[in-house]
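**Student:**
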Amino acid sequence: MSFMRQVSQALDDEHRANLELLGRAERVFARADDPEAQALAGQLVRHLEHEIGRHFGFEEDQLFPLMADAGDGDLAEMLGEEHDTIRSVAEDLLPLARAAAAGKLDPADAGTLKRLVLEIVERQVAHIQKETMALLPLLDDLLDEETDRELAFAYACD
């Protein structure tokens, strides 16, 4: 999809990169003893530590208030609730992903790691689909050129 606003396009680009990572994570962690698991766990750790917080924080702090002011507060609230759920799964997953990335995952935790990876994949993919179909087109209509430029710059510098 192509979006008119810089903010929409930047978020869509991140969504696409996240979907690629999540797809690989789903394939790798669904199999036992995949040789890619340790390297991919490191990428997943970076995603959980930085990208989720940065991306979600920007939406919650900058975009959701604009949406609420424009009468789309229900959508912002629903997406915010999904952010909270994804953060909760990420919090449980992060220590296991760190251990896997370091090659120190206790074999007893392998099943929990797999379950949490599959859960975060499912939740994030569904969330990204909602944002792609509802949030990003809304932003194209909601943001004027100046606000879009200011927000895109702020997000790029974050």
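Heads up, the sequence shown is in this note's numbering, so the first residue is 49 and it goes up one at a time. Cβ atoms here follow ideal geometry from the backbone N, Cα and C, with glycine treated the same way.
Cα-Cα, which of L67, G151, R146 is closest to P83?
**Tutor:** Out of L67, G151, R146, G151 has the C-alpha closest to the C-alpha of P83.
**Student:** If we define contact as Cβ-Cβ less than 9 angstroms, is R102 a contact residue for chain B?
**Tutor:** Here there is only one protein chain, and chain B is not present.
**Student:** Could you check what DSSP says for G128 in three-state terms: helix, strand or coil?
**Tutor:** G128 falls in the helix class under three-state DSSP.
**Student:** Tell me whether P83 sits in a helix, a strand or coil according to DSSP, three-state version.
**Tutor:** It is coil, neither helix nor strand.
**Student:** Going by other Cβ atoms of all chains shown within 10 Å of its Cβ, with 16 needed for buried, is G201 buried or exposed?
**Tutor:** For clarity, residue 201 is Phe in the given sequence; the question names Gly instead. Label assigned to F201: exposed.
**Student:** Does G105 come out as helix, strand or coil in the three-state DSSP assignment?
**Tutor:** Helix at G105.
**Student:** Can you tell me where the alpha helix (DSSP H) holding L70 begins and where it ends?
**Tutor:** Where L70 is concerned, the enclosing alpha helix (DSSP H) stretches over 54-78.
**Student:** Can you tell which of A73, D109, D196 has its C-alpha closest to the C-alpha of V93?
**Tutor:** Of the candidates A73, D109, D196, the one whose C-alpha sits nearest the C-alpha of V93 is A73.
**Student:** Buried or exposed, going by whether 16 or more other CB atoms sit within 10 Å of the CB of S56?
**Tutor:** Buried: at least 16 other Cβ atoms inside 10 Å.
**Student:** Excluding the 5 residues preceding and the 5 following L67 in the sequence, name in chain order all residues of the same chain whose CB lies nearer than 7 angstroms to its CB.
**Tutor:** Only V173, I176 meet the Cβ criterion.
**Student:** Taking 8 angstroms as the line, does the beta carbon of D82 fall inside it for any heavy atom of the ligand PLP?
**Tutor:** Absence of the ligand PLP from the depicted structure is noted, as is the absence of any ligand whatsoever, leaving it without description.
**Student:** Have a look at R197 and Q54 and give me their C-alpha separation to the nearest angstrom.
**Tutor:** Between R197 and Q54, the C-alpha separation is close to 7 angstroms.
**Student:** Would you identify the three-state DSSP class for A148, choosing helix, strand or coil?
**Tutor:** In this structure, A148 counts as helix in the three-state DSSP scheme.
**Student:** Please identify the residue among L199, G71, V76, F51 whose C-alpha is closest to the C-alpha of K209.
**Tutor:** Absent from the structure is residue 209, since the part of the chain shown begins at 49 and ends at 206.
**Student:** Considering just the uninterrupted stretch of the alpha helix (DSSP H) at A116, what are its terminal residues?
**Tutor:** It spans 112-117 - the alpha helix (DSSP H) in which A116 sits, taken as one unbroken run.
**Student:** Quick one: what's got a C-beta closer than 7 angstroms to L144's C-beta in the same chain, skipping five residues either side?
**Tutor:** Cβ within range, chain order: L153, D157, T160, L161, L164.
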